[in-house]
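Below is one structure, written out as structure tokens; comments come after it.
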Amino acid sequence: MKEKNKKERKSLRRQQRAYDRMAKQWLRDTRLLSYLIKDGVPRMASDPIEAIRGYIETDTDQIPYASGEIAFSSGAYVEPDLLFGMKKKSWQAYGNADFQKDMPKAYDLESRKNLYVAAIVCNQVGKKVDYNALRSVYSMWVVNDFRIKKSELEIKKEWIEKTEGSQVTRNEPKEGMMNLATFKIGNEIREDDKDSLKVLHYLFKCEEEKKANEKLRAYGFTMEEDQRRVRKMCNLSQGLIEKGREEGRNEGRKEGAVKASVDAIRRFSKKFNIPIEEAYQTQAEGLTRQQARIVRSRLNLK
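Put into structure tokens, the structure is as follows:
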């Protein structure tokens with residue numbers, strides 16, 4: 001049994017790596033990138049997709065891979081999946097697109113996103129600083145969490161708050177220097193989803209190849225090569241989707257155990273008029289170490 005589980009984990013890791021490579025290949029496609037830009041860059045919201053494709057600074061339909069490292073003076077560096085430029089008449093900006101096959105557990109994704117967008121701004125500076133030459137940066141992140149149902153688009157904007165005496169006014173500028181858009185792909189598709197989220201769903205969470213290809217044709221993915229890549233993504237998605245659903249069920253069961261324990265401890269403390277800490281000691285038996293940490297945190301116990 002142990003050997004079987006080991007083989008299954010190894011097979012799943014191979015599948016995840018192959019899926020990750022295919023997803024990042026799709027990100028280089030200017031058709032997909034155009035949908036992300038349309039919904040992630042406010043000034044492009046009313047522009048047609050074909051026009052937006054023309055704003056991307058590339059001569060090919062597939063932006064060349066290997067975006068390059070952005071180094072810091074400390075010797076550390078970040079390496080975005082994709083770096084590109086955008087130009088519309090006199091307006092110019094830089095963008096990056098990065099793919100996360102799941103929500104990371106080892107670090108805070110928000111911190112990583114902020115670091116990347118700041119690095120791209122700083123990377124524009126040469127030996128002399130020309131503030132007027134700095135382009136705005138649009139950092140776009142595609143997050144494929146197999147545990148969530150509904151797709152979401154989060155756009156982080158800058159606000160300007162001005163105080164004059166007791167009067168406070170808050171304004172949203174048309175464009176900030178650092179802009180973040182996060183596309184979270186859910187397991188379900190909805191009619192009112194943004195086009196970018198629909199395209200991402202059919203490309204990255206394909207369960208029915210025929211249906212995915214049929215839907216994608218309406219968004220301009222009509223070539224034989226598109227169908228071949230969709231078939232590959234569908235095959236890779238199957239095991240990952242089921243694995244994600246199982247993780248979701250497990251997390252639901254764990255969350256249920258945590259909530260039940262928190263409620264029971266509070267009731268016990270109130271009923272017998274004893275401190276929460278003491279009630280916790282008598283009621284926390286049977287929790288795993290991780291569950292115990294979460295319970296203590298929710299009870300504000302150190």
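Letter by letter, the sequence shown follows residues 1 to 302 in UniProt numbering.
All C-beta atoms in this analysis are idealised placements derived from N, C-alpha and C, irrespective of residue type, glycine included.
With a cut-off of 8 Å on Cβ pairs, the region 12-22 is not in contact with the region 122-139, counting fewer than three such pairs. Taking the Cα of residue 41 as reference, the smallest distance to any Cα among 134, 169 and 178 is reached at 178.
For residue 208, the closest alpha carbon among the candidates 219, 237, 186 and 221 is that of 237. Two segments are said to touch when three or more pairs of C-beta atoms, one from each, lie closer than 8 Å; by this definition the region 158-172 does not touch the region 52-61. The shortest CA-to-CA distance from residue 68 to any of 142, 31 and 82 is the one to 82. In the structure shown, the three-state DSSP call for residue 78 is strand. Under the three-state reduction of DSSP output, residue 139 falls in the strand class. Within the same chain, 97, 140, 183 and 196 come within 7 Å of residue 36 by CB-CB distance, once the 5 residues on both sides are set aside. Ranked by Cα distance from residue 61, the options 32, 70 and 214 are led by 32.
264 is the residue among 288, 26, 264 and 291 whose C-alpha sits nearest the C-alpha of residue 278. The beta-bridge partner set that DSSP reports for residue 183 consists of 142 and 153. DSSP places residue 290 inside the alpha helix (DSSP H), whose first and last residues are 289-298. Unbroken beta strand (DSSP E) runs of no fewer than 3 residues, entirely contained in the region 70-128, are found at 82-88 and 91-100, following chain order. Where residue 60 is concerned, there is no enclosing beta strand (DSSP E), because DSSP gives it neither an H nor an E. Ranked by how close their Cα comes to the Cα of residue 49, the residues 84, 221, 135 and 211 have 221 in first place. When 102, 226, 39 and 292 are compared, the shortest CA-CA separation from residue 148 is found for 102. Sorting 26, 231 and 95 by C-alpha distance to the C-alpha of residue 136 places 95 at the top.
Burial state of residue 39 is buried, judged by a 10 Å Cβ sphere holding 16 or more other Cβ atoms. Comparing C-alpha distances from residue 257 to each of 234, 295 and 281 shows the shortest one belongs to 295. In the DSSP assignment, residue 217 falls within the unbroken alpha helix (DSSP H) covering 209-217. Put simply, the backbone Cα of residue 100 is about 15 Å away from that of residue 233. For residue 162, the enclosing beta strand (DSSP E) starts and ends at 160-164.
Listed in chain order, the non-local C-beta contacts of residue 189 below 7 Å within the same chain comprise 198 and 201, local neighbours out to five positions each way being set aside. The C-beta of residue 27 has 16 or more other C-beta atoms within 10 Å across all chains shown, which makes the residue buried. Assignment of residue 229 by DSSP, reduced to helix, strand and coil, places it in the helix class. Residue 138 is positioned such that its CB atom lies closer than 8 Å to that of residue 181. Judged by DSSP secondary structure, residue 169 falls within the beta strand (DSSP E) whose first and last residues are 167-171. Taking each of 227, 228 and 298 in turn and checking the Cα distance to residue 261, the smallest one comes out for 298. Residue pairing from DSSP places residue 178 in a beta bridge opposite 137. By the Cβ-count criterion, residue 168 is exposed, with fewer than 16 other Cβ atoms from all chains shown falling within 10 Å of its own Cβ. Here residue 274 is exposed, its C-beta having fewer than 16 other C-beta atoms within 10 Å. The straight-line gap separating the alpha-carbon atoms of residue 185 and residue 45 is approximately 20 Å.
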